[in-house]
Structure formats: structure tokens, C-alpha cells
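K.L.:
Quick one: the structure is below, questions incoming.
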Amino acid sequence: MQVSLNGPQEAKAQSVVRHNWHRGEIKALFDLPFNDLLFRAASIHRQYFSPNEVQVSTLLSIKTGACPEDCKYCSQSGHHNTGLEKEKLMAVAEVIKEAKAAKAQGASRFCMGAAWRSPRAKDMPVVLEMVREVKALGLETCMTLGMLDEKQAQALADAGLDYYNHNLDTSREYYTTIVTTRTYDDRLTTLAHVRDAGMKICAGGIVGMGERREDRIGLLQQLANLPQHPESVPINMLVKVEGTPLGDSDDLDPLEFVRTIAVARILMPTSYVRLSAGRQQMDDSTQALCFFAGANSLFCGERLLTTENPTLNKDEQLFSRLGIQPLVQQDAQSDEHLHAELTGQVAEQKGLYYNAMAK
Ligand code: SAM
Ligand code: DTB
Ligand code: SF4
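To convert, note that position 346 of the sequence shown is 650 in this note's numbering; the numbers rise steadily by one, no gaps.
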């Protein structure tokens, strides 16, 4: 399919929210000349978001390693020998200490991850208490705990969990090459439970796992054709972990990563697209291109779950060089924002949405 691009008007006209993307259309976007693709993605980004604001989350691994799943990329799978130190489920008080530190460092969302296939019954009261207490600090909450049944999803929603992260990782076709201990449909079922329970969805994938462009197209098609787009779409660049089957994968061309971000932005124009894992290995220029292409969310803090992330200091410098501001938690501002929108004062009140990065 031919994708034409004549100017901002056309980009605007085509940026309706759709859930019926065909592979050919997505391929045509990937195949655009780089500048045309980025111009189009950036134009759409500006229709829905303030282009210099980035939502900042912090990650904490609340239960580390010894995971029964066999995800080929993961340091935490019990199937691979990565030398990772295992840790049992953390105590609630420890998690709260970390959440307070994340808040002081400027994060608006606190994401808690566990190396589980799915939470056990005895773990649920503990994670529910974590949600309640982190929320009480005034932070948005996100968890990623593996597969959830309907009851578990509802219990998390009732405790006040804002987001649930559950990635599709790659295309349906390539998935069986990457994970054999669960199916693509298992992932989609959990996402449906999360939605039915009323939570926001954080779902994306990983690139650089030896997949073809066709698989990146397939992943984005799956995400964009969900009944409702995930509110948050993390695009992870594979972090190559020694001891995992993907530990010595070939590098993906960074410009192909930027293209993936740009296409995600075009397909899901109202979602936050997260420049997720892999920033530590990425140069500043690639990150800058990602922001231009529509990435508007990231993880800050020196650690992701088990691997390194840029230091706060480094991110502060990058934000400052690019003139990027961290977004203040939206929920806290939403009433005010709605009021401002209704009274046409959004532009004047822009200052409300900014917060200085913690020093
Ligand atoms: N066990 C839960 C699950 O798999 O849903 C939650 C934790 S898991 C580590 C969260 C996500 O991190 C995975 O779905 C995967 O997309 C991403 N991830 C894990 N290891 C990664 C790596 N080495 N590089 C990039 N992303 C990775
Ligand atoms: C997501 O898509 N990326 C984050 C978060 N969701 C949970 C995890 C990245 C993990 C990178 C490898 C590690 O640190 O273990
Ligand atoms: Fe376990 Fe999640 Fe890692 Fe897969 S990605 S091995 S499910 S922790």
C-alpha cells in the first residue's frame, strides 16, 4: 500500500484513533523515508500531547529471579543461568521506603514487578497492601506480576491499582520462538481481565530479539487493534543478558528502533509510548530521535528490574539539553485540567503540569 505524505494537513487528517489496522498499512509506514515517517509521527504527537513533556516512572523488582517461565530474553527465568541473585517477595515496608525515594526523585508512577508466572493466593494480600500504601503516597501505581485471573484483576483494581503491565513482547508468529511456557492467547486473556476490571493497560514489547520487521509490524498491529488501545505502550530494546539464549543477539539498527517508536505513535496516537528498557546502551542522539518520533514516557532511576538504567544525573542532563520537562502525575491535576479545558485556560495554566526534576 502506498502511504503518501504531503504536509501537516494530511498527517492531521489521518490521525483518527483506529482499531482496524492492516499489516500492509503498517508496513507502508515502516517503509516510508525516515524523515517522512518522523515528520508524520511528530505531527500526530503534537495533536494529542505537549511535545516536550515526558511521563516518568520508577521501577522496583519486588520479587526477583527463579521464574518458572522460559522467556529467552529474561535474566530472571529459572531456565537460564545468569548468576542473578534471587530474592523473595519484599516486605511492604521496604517497598514503601523505595516508593518514597522514587517520589522524591520526581517519579509520578511507581511500577512494581515480580518474576512470577502468576501471583499465588498467599501473595495477593501482600501485593494489595503494597498498592494501597504506594497510592496513599500520592503516586500512580503499576504492577507487573504475570498472568492474572478475573478475580485477581478485580482485587488489584479494588485496591486502587492504576496500571497493569503485561507485554505481548513480539508478533504472534515469533512468540513461540521466544517463550514456550505460555501462549500469546494467555497474554491476551490477562489483558482482557485487566480491562474488564477497569484498570489501565501498559502493554508493549521488545525489539532486537532477532525478529524481522514483519514481527515488529505484527506486534504493533496486535496492540493497535485491541478493543481499546493500551494507555501506555512500552517499547523495550532488548537488554542482552549473559546466560540468556538471547545474550549475544545481533544489535538492531537504532534507526529501526526509532522507526518502531514512530509507527507506534501513529497507530496509537493517544497512548503514552514509552522509551523503555535499553536506554543505558543507547546514545543520546537516538533517545532524542525517539522523543521526536513521539516517545513521551520513560523509566528513571539507576535500575530497571535487574539491569542498569541511566543515572538520574545523566537523565537530568539529557532532559535539560533537549528542553524536556517531566510530566506531573495527571490524576492529581485532572480536575483542574478539565476545568481549565472547559474554560479555555489550558495554555495559560501550562505551568501546572511541570515539575522540576529532583536535584
Ligand atoms: N513476570 C512478569 C511478566 O513477564 O509479565 C513481569 C516481569 S517481566 C520482567 C516484564 C517485562 O520486561 C517483560 O514482559 C519483557 O517485555 C520485559 N523484559 C524482560 N527482560 C528484558 C530484557 N532483557 N530486555 C528488554 N525487556 C525485557
Ligand atoms: C516493560 O515493558 N519494561 C520494564 C517494565 N515493563 C516492567 C521491564 C524492563 C526489564 C529490563 C530487564 C531487567 O531489568 O531485568
Ligand atoms: Fe518470568 Fe516475566 Fe522474566 Fe518471563 S519475563 S521469565 S515471566 S519474569
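Glycine included, each C-beta is placed from N, C-alpha and C at the ideal position.
Around the ligand SF4, which residues pass a check of Cβ closer than 5 Å to any of its heavy atoms?
P.N.:
With the cut-off at 5 Å, the residues found are C371, E373, C375, C378, Q380, S381, A419.
K.L.:
So, do the segment 331 to 345 and the segment 557 to 571 have three or more beta carbon pairs nearer to each other than 8 Å?
P.N.:
Enough Cβ pairs lie closer than 8 Å, so yes.
K.L.:
Note down, in chain order, each residue of its chain lying with its Cβ closer than 7 Å to the Cβ of Y479, except the 5 sequence neighbours on either side.
P.N.:
Only D473, Y488 meet the Cβ criterion.
K.L.:
Using C-beta distances below 7 Å, list every residue in its chain close to E373, excluding the 5 sequence neighbours before and after it, in chain order.
P.N.:
S381, R421, V483, T485, R486.
K.L.:
With a CB to CB cut of under 6 Å and the five nearest residues on each side skipped, what residues in its chain are close to P724?
P.N.:
Any question about residue 724 goes unanswered here, given that the chain covers just 305 to 663.
K.L.:
Rounded to whole angstroms, what is the Cα-Cα separation between H323 and P614?
P.N.:
Going by the C-alpha atoms only, they are around 35 Å apart.
K.L.:
For K367, write down the residues that DSSP places opposite it in a beta bridge.
P.N.:
The partner list for K367 (beta bridge, DSSP) reads A418.
K.L.:
Suppose the cutoff is 7 Å on Cβ atoms and the five residues either side in sequence are ignored; what does the same chain contact list for V567 look like?
P.N.:
So the qualifying residues of the chain are I330, L333, F334, L524.
K.L.:
With burial defined as no fewer than 16 other Cβ atoms inside 10 Å of the residue's Cβ, what is the status of D462: buried or exposed?
P.N.:
So D462 counts as exposed.
K.L.:
If distances are taken between C-alpha atoms only, which option among E437, G598, C594 comes closest to A397?
P.N.:
Nearest of E437, G598, C594 to A397, Cα basis: E437.
K.L.:
Under 7 Å, do E606 and Q584 count as touching if we go by C-beta distance?
P.N.:
Against a cut-off of 7 Å, the Cβ pair of Q584 and E606 comes out as no contact.
K.L.:
I need the boundaries of the alpha helix (DSSP H) containing F334, first residue and last residue.
P.N.:
Segment 327 to 335, the alpha helix (DSSP H) holding F334.
K.L.:
Would you call A425 buried or exposed, if buried means 16 or more other Cβ atoms sit within 10 Å of its Cβ?
P.N.:
That one is exposed.
K.L.:
My guess is that C604 and A411 are in contact by the Cβ rule of under 8 Å, so how many angstroms apart are they, rounded?
P.N.:
About 6 Å; that satisfies the 8 Å criterion.
K.L.:
Give the range of the alpha helix (DSSP H) segment to which P614 is assigned.
P.N.:
That residue, P614, is in no alpha helix (DSSP H); it is neither H nor E in DSSP.
K.L.:
Does the structure place the segment 498 to 516 close enough to the segment 398 to 410 that three or more beta carbon pairs sit under 8 Å?
P.N.:
No: the two stretches stay apart, fewer than three of their Cβ pairs being nearer than 8 Å.
K.L.:
Going by the beta-carbon positions, is the gap between C415 and S354 smaller than 7 Å?
P.N.:
Cβ distance not < 7 Å, so C415 and S354 don't count as in contact.
K.L.:
Do Q629 and E357 have their C-beta atoms closer together than 7 Å?
P.N.:
The answer is yes: Cβ separation under 7 Å.
K.L.:
Assuming C506 is part of the beta strand (DSSP E), what are its boundary residues?
P.N.:
Run containing C506: 504 to 506, per the beta strand (DSSP E) assignment.
K.L.:
What span of residues does the beta strand (DSSP E) with Q629 cover, start to end?
P.N.:
Note, Q629: beta strand (DSSP E), 629 to 631.
K.L.:
Quick one: what does DSSP say P538 is sitting in, helix, strand or coil?
P.N.:
Strand at P538.
K.L.:
Do you know offhand how far V364's Cα is from H326's?
P.N.:
The question names Val, but residue 364 is Leu in the sequence shown. For L364 and H326, the distance between alpha carbons rounds to 37 Å.
K.L.:
Under the assumption that T564 contacts R520 (Cβ atoms under 8 Å), give the Cβ distance between them as a whole number of angstroms.
P.N.:
Indeed, because the Cβ distance is near 5 Å, the residues count as touching under 8 Å.
K.L.:
Reducing DSSP to helix, strand and coil, say where L602 ends up.
P.N.:
It is a strand residue.
K.L.:
Using a threshold of 6 Å, is the CB atom of N613 nearer than that to any non-hydrogen atom of the ligand SAM?
P.N.:
Answer for N613: no, Cβ out of range of the ligand SAM.
K.L.:
Cβ-heavy atom distance between L530 and the ligand DTB below 6 Å?
P.N.:
Every heavy atom of the ligand DTB is 6 Å or more from the Cβ of L530, so no.
K.L.:
Measuring alpha carbon to alpha carbon, tell me which of L492, V543, T481, E546 ends up nearest E515.
P.N.:
Residue T481 is the option with its Cα nearest to E515.
K.L.:
Quick one: what's M572 bridged to in DSSP?
P.N.:
Paired residues: none, contrary to the question.
K.L.:
Suppose you measure from the CA of Y576 to the CA of M451; what does that come to, to the nearest Å?
P.N.:
The straight-line gap from Cα to Cα measures roughly 23 Å.
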